[in-house]
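Colleague: Following this message is one structure expressed as structure tokens.
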């Protein structure tokens, strides 16, 4: 598996790069890839099917110039920022039969994260969360094509839970282990540093090959023509 450690200039470009890698793999069978990235300033990212008015405190986002975007994968709305490591897996579901179903693939990938991060009390909960001592420390989502899938994941290690409290509304749907808690009481952080997390992901997925080539012009175009558009962000 190839490894790419790359954060681009804007969150729209970061989202575009992930989808570009997925489309390229589907088009050319370019192979599997692990990418890690981290936004230096806060951004709110809607899941592909989320309704903005139900999940985002838009007034607070506008007041603080926090951008609101929509990703291509499902799942709920999240706040990215310093202390939130993102990992993007491009996986070959045809070669890995255990990834054939969405729920089955979540079980496989979440258990791989538990193995990679051997912390007492860390477990898979909800559909696609990791929780540590009752607090969510990772959320995950997917976009699927015919052969390859894009798995989006977050690993919280120094994220200020107050960001989610300020910029997100209480979600319309929640896992049972949340028990109605607000974002500040629900989110936690892993007791690991960024370098440790990256190394453990690389080891677990054997992502040791050189970074894949990618076309910057095409990624920037996709960001401009899709992810940076209000019509895409506000489609729901």
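In my numbering, the protein residues as written are 467 to 702.
Every residue gets a Cβ at the ideal spot worked out from N, C-alpha and C, and that includes glycine.
Could you spell out the range, first to last residue, of the alpha helix (DSSP H) harbouring residue 574?
Modeller: Counted from its first residue, the chain shown places residue 574 at position 108. Start and end: 568-582.
Colleague: Let me know if residue 562 comes out buried or exposed under the rule of 16 or more other beta-carbons within 10 Å of its beta-carbon.
Modeller: As a working note, residue 562 is residue 96 in the chain shown. Result: exposed.
Colleague: Could you check what DSSP says for residue 609 in three-state terms: helix, strand or coil?
Modeller: The residue you call residue 609 lines up with position 143 of the chain shown. Here residue 609 sits in strand by DSSP.
Colleague: Taking C-beta to C-beta, are residue 498 and residue 552 nearer than 7 Å?
Modeller: Start at 1 with the first residue of the chain shown, and residue 498 comes out as number 32. Start at 1 with the first residue of the chain shown, and residue 552 comes out as number 86. For residue 498 and residue 552, no; Cβs fall outside 7 Å.
Colleague: Based on Cα-Cα distance, which residue from 535, 504, 530 and 494 lies nearest to residue 730?
Modeller: Nothing can be reported for residue 730: it is not among the residues displayed for the chain, which extend from 467 to 702.
Colleague: Enumerate in chain order the residues of its own chain whose CB-to-CB distance from residue 481 is below 6 Å, with the five nearest sequence positions on each side excluded.
Modeller: On the chain shown, position 15 is the one that residue 481 refers to. 537 and 693, listed in sequence order.
Colleague: In terms of alpha-carbon separation, which member of 488, 508 and 657 lies closest to residue 501?
Modeller: Start at 1 with the first residue of the chain shown, and residue 501 comes out as number 35. The candidate whose alpha carbon is nearest that of residue 501 is 488.
Colleague: Between the alpha carbons of residue 642 and residue 608, how many angstroms are there, rounded?
Modeller: To locate residue 642, count along the chain shown from 1; it is residue 176. To locate residue 608, count along the chain shown from 1; it is residue 142. Straight-line Cα distance between these residues: approximately 21 Å.
Colleague: Tell me, please, which residues DSSP counts as bridged to residue 534.
Modeller: The count along the chain shown starts at 1 and reaches residue 534 at position 68. 510, per the DSSP bridge assignment.
Colleague: Leaving aside the five residues before and after residue 467 along the sequence, list all residues of the same chain whose C-beta is less than 8 Å from its C-beta, in chain order.
Modeller: To locate residue 467, count along the chain shown from 1; it is residue 1. So the list reads 497, 498, 499, 500, 671, 672, 673, 674 and 675, once near-sequence residues are dropped.
Colleague: Restricting to Cα atoms, I'd like to know which of 475, 548 and 494 is closest to residue 623.
Modeller: To locate residue 623, count along the chain shown from 1; it is residue 157. With distances taken between Cα atoms, residue 623 lies closest to 548.
Colleague: Thinking residue 542 and residue 605 are a contact (beta carbons under 8 Å), I'd like their distance in whole angstroms, please.
Modeller: Position 76 of the chain shown, counted from the first residue, corresponds to residue 542. Position 139 of the chain shown, counted from the first residue, corresponds to residue 605. Yes, residue 542 and residue 605 are in contact; Cβ-Cβ is about 7 Å, under 8 Å.
Colleague: To the nearest angstrom, how far is it from the Cα of residue 571 to the Cα of residue 639?
Modeller: The sequence position of residue 571 within the chain shown is 105, counting from 1. The sequence position of residue 639 within the chain shown is 173, counting from 1. Roughly 21 Å between the two C-alpha positions.
Colleague: Could you have a look at residue 601 and say whether DSSP puts it in helix, strand or coil?
Modeller: Taking the first residue of the chain shown as position 1, residue 601 is located at position 135. Correct three-state label for residue 601: strand.
Colleague: Considering only the beta carbon of each residue, do residue 663 and residue 621 sit closer than 7 Å?
Modeller: Locating residue 663 in the chain shown gives position 197, counting from the first residue. Locating residue 621 in the chain shown gives position 155, counting from the first residue. In this structure, residue 621 lies closer than 7 Å to residue 663 by Cβ.
Colleague: According to the neighbour-count rule (16 or more other Cβ atoms, all chains shown, within 10 Å of its Cβ), is residue 506 buried or exposed?
Modeller: Numbered from its first residue, the chain shown carries residue 506 at position 40. Exposed, since its Cβ has fewer than 16 Cβ neighbours within 10 Å.
Colleague: Comparing C-alpha positions only, which one of 701, 575, 625 and 631 sits nearest to residue 595?
Modeller: Stepping through the chain shown from its first residue, residue 595 is reached at position 129. Checking every option, the nearest Cα to that of residue 595 belongs to 575.
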